[in-house]
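A short write-up of the structure that comes next.
Chains as they are written, first to last, in this note's numbering: chain V, 329 to 440; chain Z, 1420 to 1535.
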């Protein structure tokens, strides 16, 4: 089963607001990936993080690799209707060079 | 289209039947992964290959499940004697393992399996 704790489970926000979500793990990770998934489709990679403290942006999205190496954060600024979807974090621990663990997802709903 | 492709996109089968799914990774990606996703959950790791070698299998992968990547390119996932609990989205992903450890995974559109 999944060992990542992703929160919040869901968010209902108004267009233009900022969104923040995070993932925590019980073990040290060397990679964090953030994905967005639309219904019936596969996850789409948004941001990849490889170093503790790393802060990376992709348009209005910004993600950070936590200094403790056990957490990561994703922020969406000035949300728009197409930001609707489920966002997943995925992490790879230092003792597993192939396997990624996923969080349960954060469902984002944006209202006009 | 140079992304990960999966076939079929949807499969409906009766309990007890065998099914096989195919995944074509991004060209030159040496790692290929299979995941299973149920409603309201994130993808759960099943197995992964580096080239043709199957390097890790999850305990979720019972003896009814088998995956192959015979030539290090496309992969197949077979489920024998399907059960209703096998109903899920089966996702394939690929990545290019680099010496520096960078390992971005790119997913295909998935195969939705429904077992009646």
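C-beta: ideal position from N, C-alpha, C; glycine also.
Please read all numbers here as calculations on a predicted model, not as lab measurements.
Three-state secondary structure (DSSP) of residue i
{"i": "residue 1504(Z)", "result": "helix"}
{"i": "residue 1426(Z)", "result": "strand"}
{"i": "residue 335(V)", "result": "strand"}
{"i": "residue 410(V)", "result": "helix"}
{"i": "residue 1455(Z)", "result": "strand"}
{"i": "residue 1475(Z)", "result": "strand"}
{"i": "residue 358(V)", "result": "strand"}
{"i": "residue 375(V)", "result": "strand"}
{"i": "residue 1499(Z)", "result": "coil"}
{"i": "residue 364(V)", "result": "strand"}
{"i": "residue 1485(Z)", "result": "strand"}
{"i": "residue 1480(Z)", "result": "coil"}
{"i": "residue 419(V)", "result": "strand"}
{"i": "residue 456(V)", "result": "Limits of chain V in this structure are 329 at one end and 440 at the other, which puts residue 456(V) out of reach."}
{"i": "residue 439(V)", "result": "strand"}
{"i": "residue 429(V)", "result": "strand"}
{"i": "residue 1460(Z)", "result": "coil"}
{"i": "residue 1421(Z)", "result": "coil"}
{"i": "residue 1524(Z)", "result": "coil"}
{"i": "residue 1515(Z)", "result": "coil"}
Counted within 10 angstroms of its Cβ, other Cβ atoms place residue i as buried (16 or more) or exposed
{"i": "residue 1425(Z)", "result": "buried"}
{"i": "residue 1530(Z)", "result": "buried"}
{"i": "residue 276(V)", "result": "For residue 276(V) there is no data in the structure shown, the boundaries of chain V being 329 and 440."}
{"i": "residue 367(V)", "result": "exposed"}
{"i": "residue 397(V)", "result": "buried"}
{"i": "residue 387(V)", "result": "exposed"}
{"i": "residue 385(V)", "result": "exposed"}
{"i": "residue 1514(Z)", "result": "buried"}
{"i": "residue 371(V)", "result": "buried"}
{"i": "residue 1490(Z)", "result": "exposed"}
{"i": "residue 1478(Z)", "result": "exposed"}
{"i": "residue 1421(Z)", "result": "exposed"}
Where residue i meets chain V, residues with beta-carbon distance less than 8 angstroms
{"i": "residue 1450(Z)", "result": "426"}
{"i": "residue 1427(Z)", "result": "The contacting residues do not exist; residue 1427(Z) stays about 14 angstroms from chain V at best."}
{"i": "residue 1444(Z)", "result": "The contacting residues do not exist; residue 1444(Z) stays about 13 angstroms from chain V at best."}
{"i": "residue 1484(Z)", "result": "Ordered by position in chain V, no residue passes the 8 angstroms Cβ test against residue 1484(Z), which lies about 16 angstroms from the chain."}
{"i": "residue 1493(Z)", "result": "None at all; the shortest Cβ gap to chain V is about 16 angstroms."}
Residues bridged to residue i (per DSSP)
{"i": "residue 403(V)", "result": "348(V) and 390(V)"}
{"i": "residue 1494(Z)", "result": "1442(Z)"}
{"i": "residue 382(V)", "result": "For residue 382(V), which the question treats as bridged, DSSP gives no partner whatsoever."}
{"i": "residue 1510(Z)", "result": "1454(Z)"}
{"i": "residue 1432(Z)", "result": "1534(Z)"}
{"i": "residue 353(V)", "result": "332(V)"}
{"i": "residue 342(V)", "result": "439(V)"}
Under 7 angstroms by beta carbon: chain C residues contacting residue i
{"i": "residue 1496(Z)", "result": "The chain inventory of the structure shown lacks chain C, comprising the protein chains V and Z."}
Proximal residues of chain V, C-beta to C-beta of residue i below 7 angstroms
{"i": "residue 1504(Z)", "result": "Ordered by position in chain V, no residue passes the 7 angstroms Cβ test against residue 1504(Z), which lies about 15 angstroms from the chain."}
{"i": "residue 1474(Z)", "result": "426"}
{"i": "residue 1461(Z)", "result": "330, 416, 430, 431, 432 and 433"}
Residue i: contacting residues in chain Z (beta-carbon distance under 7 angstroms)
{"i": "residue 370(V)", "result": "1510, 1526, 1527, 1528 and 1529"}
{"i": "residue 401(V)", "result": "Per Cβ cutoff of 7 angstroms: no residues; residue 401(V) is ~17 angstroms from chain Z at best."}
Proximal residues of chain Z, C-beta to C-beta of residue i below 9 angstroms
{"i": "residue 397(V)", "result": "Correct list: empty, because the minimum Cβ distance to chain Z is about 14 angstroms."}
{"i": "residue 373(V)", "result": "1523, 1524, 1525 and 1526"}
Chain Z residues whose Cβ lies nearer than 8 angstroms to that of residue i
{"i": "residue 420(V)", "result": "1522"}
>> Does the contact criterion of 3 or more C-beta pairs under 8 angstroms hold for the region 1432-1440 of chain Z versus the region 352-370 of chain V?
In response: no
>> Using a Cβ distance threshold of 8 angstroms, determine whether the region 346-355 of chain V contacts the region 415-434 of chain V, with at least three qualifying pairs required.
In response: yes
> Pairing CB atoms from the region 423-435 of chain V with CB atoms from the region 1499-1511 of chain Z, are three or more of them under 8 angstroms?
Replying inline: no
>> If contact is defined by three or more beta carbon pairs under 8 angstroms, each pair taking one atom from either stretch, is the region 1451-1465 of chain Z in contact with the region 1483-1502 of chain Z?
In response: yes
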